[in-house]
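Enquirer:
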Amino acid sequence: MSTSTQERIFAEIEEMVREHQLILEEFARLAVVPPAEFAPVYAGLLGRIEADFRAEESIMEQIDYPDLQNHLRDHAGLLGILHKARPYIDEGDMSFAEMIRASMPMMLVHHMNSMDMLLADAIARFITKDSEHGQ
Numbered sequence: 238m239s240t241s242t243q244e245r246i247f248a249e250i251e252e253m254v255r256e257h258q259l260i261l262e263e264f265a266r267l268a269v270v271p272p273a274e275f276a277p278v279y280a281g282l283l284g285r286i287e288a289d290f291r292a293e294e295s296i297m298e299q300i301d302y303p304d305l306q307n308h309l310r311d312h313a314g315l316l317g318i319l320h321k322a323r324p325y326i327d328e329g330d331m332s333f334a335e336m337i338r339a340s341m342p343m344m345l346v347h348h349m350n351s352m353d354m355l356l357a358d359a360i361a362r363f364i365t366k367d368s369e370h371g372q
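In my numbering, the protein residues as written are 238 to 372.
#1: Just tell me which of S351, I360, P342 and A361 has its CA closest to the CA of I286.
#2: Could you tell me the distance, in whole angstroms, from the CA atom of E328 to the CA atom of A313?
#3: Is the distance from the Cβ of P272 to the Cβ of M331 below 8 Å?
#4: Roughly how many angstroms separate the alpha carbons of I318 and R310, rounded to a whole number?
#5: Would you call the CB atoms of V288 and E252 closer than 8 Å?
#6: From R362 to M354, what does the alpha carbon distance come to, in whole angstroms?
#7: Per DSSP, what kind of secondary structure is A328 in: helix, strand or coil?
#8: What is the DSSP secondary structure of I300, reduced to helix, strand or coil?
#9: Would you check if the distance between the CB atom of L345 and the CB atom of Y302 is smaller than 8 Å?
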């Protein structure tokens with residue numbers, strides 16, 4: 238792998254870490270936002286999560302990640318929950334907002350601490366392997 242490819246992957250990993258931090262900060266904001274402001278803040282957070290997942294998926298494709306299908310399935314499950322709640326939240330149904338506030342941060346932290354840690358290990362192995370082969 239060329240140095241520019243390594244640099245691009247490192248930059249994408251750094252961006253992924255920053256995005257994870259921003260997502261968790263946005264969930265902290267969501268926990269205290271007034272009901273009248275919840276829907277637009279939630280929509281922004283959902284867009285951020287979708288973009289983060291797309292970036293992760295791009296990295297997985299670049300390194301030919303062997304557990305791609307399981308990781309994609311986890312992304313789809315998390316996004317499915319978020320998207321199913323959105324119409325209710327957009328209509329002001331705070332019971333769905335409370336469900337998201339109560340459960341989704343821990344679900345995402347679990348994803349980050351399990352699936353994304355495995356991905357980080359795979360990226361490190363990929364870069365090390367290519368470096369050892371002088372590419």
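Cβ coordinates follow ideal geometry from the N, Cα and C atoms, glycine included.
Expert: Looking at the atomic coordinates:
#1: P342
#2: 23 Å
#3: yes
#4: 13 Å
#5: The sequence shown places Ala at residue 288, not Val. Not in contact: A288 and E252 (Cβ atoms no closer than 8 Å).
#6: 12 Å
#7: According to the sequence displayed, residue 328 carries Glu and not Ala. E328 falls in the coil class under three-state DSSP.
#8: coil
#9: no
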